[in-house]
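Per the numbering used here, the very first residue in the sequence shown carries number 249; after that it's consecutive.
Okay, structure first, notes after.
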Amino acid sequence: MDPITKTWKFKYDDMRDPLMKKYTRGYYLNLENGDVRSFEEGIAHIVGKAKERYVYHMWWIENGSF
Numbered sequence: 249m250d251p252i253t254k255t256w257k258f259k260y261d262d263m264r265d266p267l268m269k270k271y272t273r274g275y276y277l278n279l280e281n282g283d284v285r286s287f288e289e290g291i292a293h294i295v296g297k298a299k300e301r302y303v304y305h306m307w308w309i310e311n312g313s314f
């Protein structure tokens, strides 16, 4: 597993999460500092496109939807 997933996590489709009301298409959460970036904004400008895709796809893998 890429170490980027220890820093960033993609969150989606969890109605128990209060931030889902604001970020209905999902969001990226920095686990170290609490920074939140919308799905639309993404994190490619921070970590690069390949790592952004990796973080995004991990949600699908972890949730059995990939």
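Glycine included, C-beta positions come from ideal geometry on N, C-alpha and C.
All figures in this text were calculated on a predicted structure; none of them were measured in a lab.
- GLU310 sits exposed, since fewer than 16 C-beta atoms from the chains shown fall within 10 Å of its C-beta.
- Here VAL284 is exposed. Its C-beta has fewer than 16 other C-beta atoms within 10 Å.
- Apart from the 5 residues on each side of it in sequence, LYS259 sits with its Cβ closer than 8 Å to the Cβ of ASP265, LEU267, MET268, TYR271, GLY274, TYR275, TYR276, LEU277 and TRP307 in its chain, given in chain order.
- Ranked by how close their Cα comes to the Cα of GLY282, the residues LYS254, ASP250 and GLY312 have LYS254 in first place.
- Contact check for LYS297 and ILE252: beta-carbon distance about 12 Å, past the 8 Å limit, so the pair fails to qualify.
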